[in-house]
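J.: Every position in the sequence shown, counted from 1, becomes a number in the working numbering once 89 is added. Glycine residues also receive a C-beta, built at the ideal position from the N, C-alpha and C atoms. Here the structure is a predicted model, which means the values were calculated and not measured.
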Amino acid sequence: MTASLRSIAIAFALVGAAASCSVIFDYSPDDTGQGGNAAGSGGSSQATGVGGSGGGAVPSCDGDGDCVDASSCTEDRCVEGSCSNEPLTDGTECQNGGGEDGLCEGGVCVVTCTANDVTVCDDDNPCTLDGCNTDVGQCENTPVPDGPLAEAQTEGDCKSVVCSSGVQTEIDDDSDVFVDGNDCTDDLCNAGTPSNPNRAEGSSCGGSLVCNNAGVCVGCNQPSDCAGSNTFCQTVTCQNSQCGVSNTASGTALPAGDQTAGPCKERQCDGSGGIQTVNRPTGTSCNDNLYCNGADSCLSGNCSQHGGDPCFANIGDGDNDCSEACNESNDTCTANDPSGSACNDGAYCNGADTCNGTGSCSQHAGDPCAGQVNDGDGDCSEACNETNDNCTANDPNGGSCNDGLYCNGNDTCQNGSCSQHTGDPCAARVGDGDGDCSEACNETNNNCTANDPSGSSCSDGLYCNGSDTCNGSGSCSQHAGDPCQGGLRGTCSNSCNEVANNCTALDPEGASCLTGMGLGCCSGGQCYPQCP
90 MTASLRSIAI AFALVGAAAS CSVIFDYSPD DTGQGGNAAG SGGSSQATGV GGSGGGAVPS
150 CDGDGDCVDA SSCTEDRCVE GSCSNEPLTD GTECQNGGGE DGLCEGGVCV VTCTANDVTV
210 CDDDNPCTLD GCNTDVGQCE NTPVPDGPLA EAQTEGDCKS VVCSSGVQTE IDDDSDVFVD
270 GNDCTDDLCN AGTPSNPNRA EGSSCGGSLV CNNAGVCVGC NQPSDCAGSN TFCQTVTCQN
330 SQCGVSNTAS GTALPAGDQT AGPCKERQCD GSGGIQTVNR PTGTSCNDNL YCNGADSCLS
390 GNCSQHGGDP CFANIGDGDN DCSEACNESN DTCTANDPSG SACNDGAYCN GADTCNGTGS
450 CSQHAGDPCA GQVNDGDGDC SEACNETNDN CTANDPNGGS CNDGLYCNGN DTCQNGSCSQ
510 HTGDPCAARV GDGDGDCSEA CNETNNNCTA NDPSGSSCSD GLYCNGSDTC NGSGSCSQHA
570 GDPCQGGLRG TCSNSCNEVA NNCTALDPEG ASCLTGMGLG CCSGGQCYPQ CP
């Protein structure tokens with residue numbers, strides 16, 4: 090409320106209030122009614138402006154609803170396209186912005202305020218601080234500091250609602266843009282008016298998507314918007330704003346310059362945009378540039394079908410000539426036979442012969458009788474006999490053989506006879522002092538499970554029965570007796586201790602012992618003159 094209107098309202102209130110204190114309410118100026126507060130006297134200028142013949146422009150209207158002002162003491166009408174807000178008759182009942190009852194005076198609602206009912210001072214203007222001055226019984230409506238009015242803002246309308254000298258006003262705010270959520274439009278304000286113009290065609294709108302000329306986010310506008318590149322077997326397309334590909338028909342051969350797979354293979358499109366390599370038909374002529382394998386043709390995609398080596402029959406023919414292979418340089422059969430080709434040097438005892446790869450028949454399998462010499466059987470005449478070309482010569486002395494007996498030990502040849510033996514293989518176990526008395530040689534079973542001889546050393550694991558020996562029946566049951574037995578002792582701790590394997594156990598109660606005064610008696614490990 091301006092100072093001039095406030096003074097006019099208070100004047101009306103003082104005249105009509107007599108003994109009570111009254112105030113005028115329900116004035117809420119808007120942008121179009123400020124002119125009525127300027128100067129002049131007489132009728133209303135517009136909206137809620139009182140008096141002022143020369144006020145601001147009267148707002149246009151289409152009906153009475155367009156002319157409603159903030160005062161309950163005016164008659165709001167639309168007359169011939171212009172608003173009229175004539176004051177009601179003084180004394181007409183009214184309500185202020187706080188819902189308090191009052192009486193109209195000069196087109197405003199006058200309500201008496203008291204200290205206990207300050208709500209009558211609410212002028213329904215968020216740009217004033219409302220209160221009752223109890224000293225004079227009048228309302229005071231002080232303008233708030235100029236600035237934005239948070240609760241009145243509308244996000245994205247390019248406007249800002251502010252308080253200015255106690256008046257709520259809407260101003261242009263081009264920073265309060267309206268976001269339409271479309272990545273293909275720009276969100277702008279221009280002089281308080283929102284706008285969302287389309288972005289340039291081809292602008293990115295997220296991921297691989299682009300904007301079209303209608304501001305719509307699409308897959309593509311032309312093939313160049315799409316990922317990938319054109320190849321002989323696949324062309325990138327843009328159809329109905331969607332990226333795609335057009336594939337060359339399966340089986341289409343690539344150009345000659347791209348045929349790099351070999352003479353027996355062909356590179357073709359696979360119908361899915363890729364390249365496949367297929368075999369040329371079997372029998373297709375090819376050339377591996379080799380003479381010695383004969384005429385060449387394709388087989389299973391390789392130049393691997395050949396007429397054959399013209400020298401093949403000469404290689405490994407078992408003669409002594411190892412230079413009969415195909416000579417690629419001279420196109421003759423004069424090259425060295427491959428290492429391992431069969432040949433024959435005329436000797437028997439060096440075994441089967443093969444070429445060494447350098448033209449010589451010098452590789453030999455070895456003595457054909459070697460596997461029979463030292464083979465562990467009873468025959469000591471199986472060595473190679475060069476004269477007879479067989480295996481009937483004496484085996485070397487010391488060669489392994491077997492006379493069929495176990496308990497005389499390992500056997501070796503001597504002058505063609507299996508007659509040398511290492512001795513009893515079980516001898517080291519007999520009398521070895523362990524608890525097993527069945528370790529002698531068992532000829533029947535070819536092992537060491539026969540009974541050890543009686544008196545062979547053994548051990549039953551006990552100390553107090555003395556040294557042990559086998560009984561000849563496989564049992565460690567012969568014992569020397571208690572190693573701690575003896576005559577009178579000077580102490581009572583000389584009995585056999587099985588745990589410690591010594592003679593430190595307490596003597597039995599009542600055993601005899603010797604004291605300094607003669608014969609005594611053991612009790613609890615102590616030697617007493619007489620038993621307690």
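Cβ of S545 within 7 Å of Cβ of C559?
T.: Yes, Cβ-Cβ distance for S545 and C559 is below 7 Å.
J.: In whole angstroms, what is the alpha-carbon distance linking C502 and E587?
T.: Between C502 and E587, the C-alpha separation is close to 54 Å.
J.: Under 8 Å by Cβ, that's how I've got G191 and C198 pegged, so tell me the actual separation to the nearest angstrom.
T.: About 4 Å separates the two Cβ atoms, so the contact holds.
J.: How close, in whole Å, do the beta carbons of V622 and C210 come, if the pair is a contact with beta carbons under 8 Å?
T.: A query on residue 622 cannot be resolved here, the shown segment of the chain reaching from 90 to 621 and no further.
J.: What first and last residue would you give for the beta strand (DSSP E) that runs through A594?
T.: Run containing A594: N591 to A594, per the beta strand (DSSP E) assignment.
J.: To the nearest whole angstrom, what separates the beta carbons of C167 and D151, a pair I think is in contact under 8 Å?
T.: That belief holds up - the Cβ atoms of C167 and D151 are roughly 7 Å apart, short of 8 Å.
J.: Which residue or residues does DSSP assign as beta-bridge partners of V251?
T.: DSSP output for V251 lists P237 and T258 as bridge partner(s).
J.: What did DSSP end up calling G154 once you bin it into helix, strand or coil?
T.: Here G154 sits in helix by DSSP.
J.: By a C-beta neighbour count over all protein chains shown, 10 Å radius and 16 as the cutoff for buried, is N126 buried or exposed?
T.: No answer about N126 holds up, because its pLDDT of 33 lies below 50 and its placement is not dependable.
J.: Of all the alpha helix (DSSP H) runs that stay within the bounds of the segment 484-526, which reach a length of 4 or more residues?
T.: Counting only runs of 4 or more, we get nothing.
J.: Report the rounded CA-to-CA distance for T443 versus H395, giving the unit in angstroms.
T.: Approximately 27 Å, taken between the alpha carbons.
J.: Does any CB atom of chain C fall closer than 7 Å to the CB of S451?
T.: Any reference to chain C falls outside this structure, which holds one protein chain only.
J.: Could you compute how far the alpha carbon of L218 sits from the alpha carbon of S284?
T.: Those two C-alpha atoms are separated by around 37 Å.
J.: On the CB-based measure, 16 or more other CB atoms within 10 Å of its CB, does G524 come out buried or exposed?
T.: Exposed: under 16 other Cβ atoms inside 10 Å.
J.: Between which residues of its own chain and P118 is the CB-CB distance below 6 Å, once the five residues before and five after are set aside?
T.: With a pLDDT of 36 at P118, under the threshold of 50, the modelled position of that residue is not reliable, and the figure given next carries that caveat. So the list reads V256, once near-sequence residues are dropped.
J.: What residues in its chain sit with their C-beta under 8 Å from that of S412, if we drop five residues either side in the sequence?
T.: If we look at S412 and ignore the five residues flanking it on each side, its Cβ neighbours are T423, A424, N425, D426 and G448.
J.: Alpha carbon to alpha carbon, how far is D213 from S249? Give it in angstroms, no decimals.
T.: If I take the Cα positions, the gap works out to 20 Å.
J.: With distance defined between alpha-carbon atoms, name the residue in C537, G579, S582 and S393 nearest to G563.
T.: Looking at the Cα atoms, C537 is the closest of the given residues.
J.: Hey, how far is the Cα of T421 from the Cα of P399?
T.: Straight-line Cα distance between these residues: approximately 9 Å.
J.: Give me the Cβ distance between D541 and C553, rounded to the nearest whole Å; I'm assuming they're in contact under 8 Å.
T.: With a Cβ gap of about 23 Å, D541 and C553 do not count as contacting.
J.: Output needed for N439: all residues of its chain with C-beta closer than 6 Å, excluding positions within five of it in sequence on either side, in chain order.
T.: For N439, where only same-chain residues beyond five positions count, the Cβ hits under 6 Å are H453.
J.: Need the endpoints of the beta strand (DSSP E) that I364 sits in, please.
T.: Residues I364 to N368.
J.: Provide the residue span of the beta strand (DSSP E) that contains S429, from first to last.
T.: The identity of residue 429 in the sequence shown is Gly, whereas the question assumes Ser. Note, G429: premise wrong, no beta strand (DSSP E); not H, not E.
J.: Roughly how many angstroms lie between the CA atoms of D385 and S393, to the nearest whole one?
T.: Their Cα atoms are separated by approximately 7 Å.
J.: Would you say C300 and R288 are within 7 Å of each other, going by their C-beta atoms?
T.: Yes; because the gap between Cβ atoms is below 7 Å, this pair is in contact.
J.: With H, G and I counted as helix, E and B as strand and the rest as coil, what does DSSP make of D314?
T.: Helix.
J.: Look at the alpha carbon of P621 and the alpha carbon of G609, and state the distance between them as a whole number of angstroms.
T.: Looking at the two C-alpha atoms, the distance is approximately 11 Å.
J.: Is it the case that the Cβ atoms of E532 and R518 are separated by a distance below 7 Å?
T.: Contact: no.
J.: What separation, rounded to the nearest whole angstrom, lies between the Cα atoms of S548 and C565?
T.: Rounded to the nearest angstrom, the two C-alpha atoms are 7 Å apart.
J.: Less than 7 Å between the beta carbons of D359 and S389, yes or no?
T.: Not closer than 7 Å, so no.
J.: Can you give the Cα-Cα distance for T349 and R356, rounded to whole angstroms?
T.: Whole-angstrom Cα-Cα distance: 8 Å.
J.: Please classify L177: is it buried, with 16 or more other beta-carbons within 10 angstroms of its beta-carbon, or exposed?
T.: That one is buried.
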